[in-house]
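Under full-length UniProt numbering, think of the first position of the sequence shown as 207, with each following residue one higher.
All C-beta atoms, glycine included, are put in the ideal place defined by N, C-alpha and C.
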Amino acid sequence: LKEDVLNSLKSETEPVPAQASSAARAPGYPDEIVPLTSVQKAMFKNMTESLSIPHFSYKDEIIVDGIMRARSEINKQLQSSLSSSVNKISYMPFLIKAASMALAEYPILNGRLVPPSDNISQPQIQYRSSHNISIAMDTPKGLMTPNIKAVEKKSILEIAEELYRLQQAGATKSLTQADISGGTFSLSNIGVIGGTYLFPVLVPTQLCIGAIGRIQRLPRYGIVYNERTGASEEMLVPRNIMATSWCADHRVIDGAALARFVSKFKQTIESPTLMLANLK
Ligand code: CAO
Numbered sequence: 207l208k209e210d211v212l213n214s215l216k217s218e219t220e221p222v223p224a225q226a227s228s229a230a231r232a233p234g235y236p237d238e239i240v241p242l243t244s245v246q247k248a249m250f251k252n253m254t255e256s257l258s259i260p261h262f263s264y265k266d267e268i269i270v271d272g273i274m275r276a277r278s279e280i281n282k283q284l285q286s287s288l289s290s291s292v293n294k295i296s297y298m299p300f301l302i303k304a305a306s307m308a309l310a311e312y313p314i315l316n317g318r319l320v321p322p323s324d325n326i327s328q329p330q331i332q333y334r335s336s337h338n339i340s341i342a343m344d345t346p347k348g349l350m351t352p353n354i355k356a357v358e359k360k361s362i363l364e365i366a367e368e369l370y371r372l373q374q375a376g377a378t379k380s381l382t383q384a385d386i387s388g389g390t391f392s393l394s395n396i397g398v399i400g401g402t403y404l405f406p407v408l409v410p411t412q413l414c415i416g417a418i419g420r421i422q423r424l425p426r427y428g429i430v431y432n433e434r435t436g437a438s439e440e441m442l443v444p445r446n447i448m449a450t451s452w453c454a455d456h457r458v459i460d461g462a463a464l465a466r467f468v469s470k471f472k473q474t475i476e477s478p479t480l481m482l483a484n485l486k
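Encoded structure:
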């Protein structure tokens with residue numbers, strides 16, 4: 207089926223997926239039945255298979271003021287640097303690296319359930335050492351999920367360069383079989399488009415997926431130094447909040463394991479210094 211997807215990416219003749227585009231189906235057009243595109247066929251197969259997986263869902267909000275500052279400093283440097291193929295990075299490279307750091311502590315979430323090969327054997331878990339993080343990508347041909355390989359060995363800048371390469375490949379229909387196969391864990395940043403919390407659906411060969419909502423500036427209580435009184439007080443302060451939604455395969459991942467993994471992810475994102483200290 208992956209071959210179908212790759213062929214469809216190269217094909218100029220295949221219809222563009224029926225997105226909610228007013229131009230595609232304007233009022234007054236007659237009803238029409240159309241076949242699925244190859245990308246939709248792949249989605250149909252994977253998502254139908256995924257229905258048999260009991261999803262455990264978990265949501266939390268993360269304060270991203272720290273990575274916003276770090277990103278802005280890095281971007282200032284990148285604009286005057288000639289050594290990198292990117293001149294700007296988004297939040298994704300930080301999120302991808304933080305996920306890999308949390309996976310290093312909770313490796314089961316990077317695993318795969320191996321179904322029994324016969325009626326006698328038992329299911330098994332394959333622990334995978336390489337963090338190949340699949341990124342849900344909104345491409346002109348629909349949803350594609352290429353992955354960034356061996357994230358555990360990459361710097362934030364290297365992740366940004368590989369993400370940029372995959373985004374360009376997605377946009378120009380030149381993603382390869384190697385780009386889309388071998389993913390071990392997924393992240394989906396729908397917040398680029400909108401939304402806050404969602405219910406991401408597992409890829410059948412993975413045990414966990416995380417989804418990112420739109421970052422919002424919201425009031426939250428914090429301890430702030432008050433210059434007038436000379437004391438630290440609790441008061442409402444504006445914070446940049448990123449809502450995150452996670453799903454794990456509840457057949458083998460319990461709620462506490464997912465909660466601990468997400469807490470580690472959150473701690474790393476909320477303290478980029480911690481991320482720096484743990485970079486290899
Ligand atoms: N909230 C608010 N703004 C966000 C954001 C978020 N969660 N994520 C990114 N942005 C901003 C970026 O900062 C950037 O703005 P500036 O350039 O002004 O800073 C802008 O949105 C565009 O970012 P980008 O194109 O560089 O995207 P990215 O690296 O953050 O994400 C990718 C890349 C591939 C994840 C994204 O383009 C994409 O395709 N997302 C859709 C995923 C999807 O369809 N999920 C559903 C899967 S299930 O059907």
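Query                                                                                                                                                                    : Result
Output yes or no for whether 8 Å exceeds the beta carbon distance between Ile269 and Glu476.                                                                             : yes
Would you say residue 189 touches the ligand CAO, meaning its beta carbon is less than 7 Å from a heavy atom?                                                            : The structure shown has nothing for residue 189, since the chain only spans 207 to 486.
Determine the direct distance from the alpha carbon of Ile362 to that of Trp452, and round the result to whole angstroms.                                                : 22 Å
Got a sec? Which residues, its chain only, sit under 7 Å from Glu311 by beta carbon, not counting five neighbours each side?                                             : Lys470
Any chance the stretch 360–380 sits against the stretch 293–300, with 3 or more Cβ pairs inside 8 Å?                                                                     : yes
Nearest-angstrom Cα distance between Leu404 and Lys360?                                                                                                                  : 29 Å
For Leu257, is the classification buried or exposed, using 16 other Cβ atoms within 10 angstroms of its Cβ as the cut-off for buried?                                    : exposed
How big is the Cα-Cα spacing for Gln412 and Tyr431?                                                                                                                      : 45 Å
What residues in its chain sit with their C-beta under 6 Å from that of Arg423, if we drop five residues either side in the sequence?                                    : Pro444 and Asn446
Could you please give the first and the last residue of the uninterrupted alpha helix (DSSP H) stretch that includes Ser467?                                             : A small correction: the amino acid at residue 467 is Phe; Ser does not occupy that position in the sequence shown. Element bounds for Phe467: Gly461 to Glu476.
What does the Cβ neighbour count give for Gln246, buried or exposed, with the cut at 16 atoms within 10 Å?                                                               : buried
Checking the sheet assignment: what are the DSSP bridge partners for Gly428?                                                                                             : Met441
Just the C-alpha distance for Val409 and Gly234, rounded to the nearest angstrom, thanks.                                                                                : 38 Å
What three-state label does DSSP hand Tyr370 in the structure shown?                                                                                                     : helix
Using CA atoms only, rank isn't needed, just tell me which of Lys486, Leu485 and His337 is closest to Gly388.                                                            : His337
Find the nearest neighbour of residue 164 within the set Gly436, Ile429, Thr435 and Val320, judged by alpha-carbon distance.                                             : Here the chain has residues from 207 to 486 only, and residue 164 is not among them.
Hey, could you find the ends of the beta strand (DSSP E) Lys360 is sitting in?                                                                                           : Segment: none, Lys360 is in no beta strand (DSSP E) and carries neither H nor E.
Just reading off the alpha helix (DSSP H) that residue 164 is part of, what are its end residues?                                                                        : The requested residue 164 is not part of the displayed model; the chain covers only 207 to 486.
With a threshold of 7 Å (Cβ to nearest heavy atom), would Arg420 be considered close to the ligand CAO?                                                                  : yes
Under three-state DSSP, which class holds Gln383?                                                                                                                        : helix
For Asn395, count neighbouring C-beta atoms within 10 Å of its own C-beta (all shown protein chains included) and say buried if the count is 16 or more, exposed if not. : buried
Whole-angstrom Cβ separation of Ile459 and Phe300, contact assumed at under 8 Å?                                                                                         : At roughly 24 Å, the Cβ-Cβ gap does not stay under 8 Å, so Ile459 and Phe300 are not in contact.
Where Ile468 and Ala248 are concerned, what is the direct C-alpha to C-alpha distance, given to the nearest angstrom?                                                    : It should be pointed out that residue 468 corresponds to Val in this sequence rather than to Ile. Computed Cα separation, rounded: 29 Å.
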